[in-house]
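First comes the structure, then the notes that go with it.
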């Protein structure tokens, strides 16, 4: 009887567990995630790579100058939501924002993946904590 209960518990935990996808599958699903929402920024680039032992999920978007904050929020949220299904966890999410303002260099947002999931998915930290401690902005030349 104990063995039957143990087997049932194990089967239940496997059925409830989130599916896990390869990098190739995540990369294939990302454009669909962006295209299914009509308010999403235009996705212009995507790559998943490892740098200095850290797995990075990187997207490039075209931002509207009047909606750049919303476009960034959508992109980071998309990475966090898609990233939670990766077979191997990501360390960083990178969003490169190409502006529609002529001559303006792209802005880059680098987010700690775990901390971002704590804010956007698990709701364990506040926006202020996430903004101050979990992301940083860079400008490319």
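In our numbering, the protein residues as written are 7 to 147.
Ideal Cβ positions, reconstructed from N, Cα and C, are used throughout, including at glycine.
Q. Counting along the chain, where does the alpha helix (DSSP H) carrying residue 121 start and finish?
A. 119-126
**Q.** Residue span of the alpha helix (DSSP H) that contains residue 38, given as start and end
**A.** 29-41
Q. Which class does residue 106 belong to by DSSP, given the choice of helix, strand or coil?
A. Judged by DSSP in its simplified three-state form, residue 106 adopts coil rather than helix or strand.
Q | Residue from 96, 98, 107, 69 whose Cα sits closest to the Cα of residue 46 | A | Residue 46 has its Cα closest to that of 69, out of 96, 98, 107, 69.
Q. Just the Cα atoms here: how many angstroms apart are residue 122 and residue 53?
A. 19 Å
Q: Would you tell me roughly how many angstroms separate the C-alpha atoms of residue 103 and residue 29, rounded to the nearest one?
A: Each residue's Cα considered, the two are about 22 Å apart.
Q: Would you kindly report the start and end of the unbroken alpha helix (DSSP H) that includes residue 139?
A: 133-139
Q. If you count every other CB in all the chains shown that lies within 10 Å of the CB of residue 89, and 16 or more means buried, which is it?
A. buried
Q. Can you name the start and end residues of the alpha helix (DSSP H) that residue 89 belongs to?
A. 74-89
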